[in-house]
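Okay, structure first, notes after.
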Amino acid sequence: MVKIVGIGGSLRWESYSQQALKIAAQRVEVLGAEVEILDLRQMRLPFCDGGKEYPDYPDVEKLRETVKQADGLILATPEYHGSVSGVIKNALDLMSFEQLDGKVAGLISVLGGQVNSNALNDLRLIMRWVHAWVIPEQIAIGQAWGAFNEEGKLLDEKLSQRFDGFAQSLVDNTTKLRGN
Ligand SMILES: Cc1cc2nc3c(=O)[nH]c(=O)nc-3n(C[C@H](O)[C@H](O)[C@H](O)COP(=O)(O)O)c2cc1C
Numbered sequence: 009m010v011k012i013v014g015i016g017g018s019l020r021w022e023s024y025s026q027q028a029l030k031i032a033a034q035r036v037e038v039l040g041a042e043v044e045i046l047d048l049r050q051m052r053l054p055f056c057d058g059g060k061e062y063p064d065y066p067d068v069e070k071l072r073e074t075v076k077q078a079d080g081l082i083l084a085t086p087e088y089h090g091s092v093s094g095v096i097k098n099a100l101d102l103m104s105f106e107q108l109d110g111k112v113a114g115l116i117s118v119l120g121g122q123v124n125s126n127a128l129n130d131l132r133l134i135m136r137w138v139h140a141w142v143i144p145e146q147i148a149i150g151q152a153w154g155a156f157n158e159e160g161k162l163l164d165e166k167l168s169q170r171f172d173g174f175a176q177s178l179v180d181n182t183t184k185l186r187g188n
């Protein structure tokens, strides 16, 4: 069984990227993967200062250890000013090859405006830099304020099916690449 860790790059309590992450995590779990979401809203992380140790911030070790034990990742970022959020970038900056090298990653972006792939392309580039394997399937949700109902479910059936394909690819490719 592969282990997938999900990280959402928004600290907003009603965050749509956190909702999208939850849906992706559920779909991956249904396919038999073990899933853990690291909710950055409930963790206290410092800005990366380029140092190795952050003794005043035990959650840095929690982030690093949890990701290190994982086979794959789901990263969900809001689009901020045409790119990834600082929150997701900082979480990634707090880690290095020790945690990220060889991991299989699926990427999701959530936008207030029209759907595009800017944040996804930037996140793909970042993940390439830390030697992760990013699956080709990806999800961008435009005008996210209209994409979910009050229970956090997706309103668009086609978008929901895209999550199924995304989850299947993530589990299949993680299993192939990590040998579980
Ligand atoms: C600082 C900032 C920058 C943003 N930049 C963009 C942007 O470039 N394109 C866009 O479509 N939406 C942009 N938005 C809107 C967010 O993508 C949108 O509100 C999204 O739902 C935020 O993610 P969340 O719901 O997970 O918090 C921006 C929002 C903020 C706060």
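In the numbering used here, the protein residues as written are 9 to 188.
Note that CB positions come from ideal geometry on N, CA and C, so glycine has one too.
Which residues share a DSSP beta bridge with Lys11?
-> DSSP output for Lys11 lists Glu42 as bridge partner(s).
Compute the minimum distance between the beta carbon of Ala152 and the heavy atoms of ligand 3, and state whether it is under 7 Å.
-> Ligand 3 is absent from the structure shown, which contains only ligand 1.
At which residues does the beta strand (DSSP E) containing Ala148 begin and terminate?
-> That run of the beta strand (DSSP E) goes Trp141 to Ile149.
Could you tell me the distance, in whole angstroms, from the CA atom of Val43 to the CA atom of Asp79?
-> Val43 and Asp79: Cα-Cα distance of roughly 10 Å.
Since Ile12 contacts Leu81 with CB under 8 Å, what's their CB separation in whole angstroms?
-> That belief holds up - the Cβ atoms of Ile12 and Leu81 are roughly 7 Å apart, short of 8 Å.
Between Ser91 and Ala127, which are expected to be in contact by the criterion C-beta below 8 Å, what is the C-beta distance as a whole number of angstroms?
-> Going by Cβ atoms, the distance from Ser91 to Ala127 rounds to 6 Å, so yes, they are a contact pair.
When burial is assigned at 16 or more other CB atoms within 10 Å of the CB, is Arg52 buried or exposed?
-> Exposed, by the Cβ-count rule.
Between Val38, Val112, Gln50 and Ala152, which lies nearest to Glu145 when the distance is taken from Cα to Cα?
-> Val112 is the residue among Val38, Val112, Gln50 and Ala152 whose C-alpha sits nearest the C-alpha of Glu145.
Can you give the beta carbon distance from Thr85 to Ser25, rounded, assuming they're within the 8 Å contact cut?
-> Cβ-Cβ separation between Thr85 and Ser25: approximately 6 Å, consistent with a contact (criterion under 8 Å).
Quick one: what's Val118 bridged to in DSSP?
-> Looking at the DSSP assignment, Val118 forms a beta bridge with Pro86 and Ile149.
Pick from Val123, Leu115, Phe105 and Glu106 that is closest to Ile96, judged by C-alpha positions = The alpha carbon of Ile96 has as its nearest neighbour, out of Val123, Leu115, Phe105 and Glu106, the alpha carbon of Leu115.
Segments assigned beta strand (DSSP E), at least 3 residues, entirely inside the stretch 22 to 66 = You should have 42 to 46.
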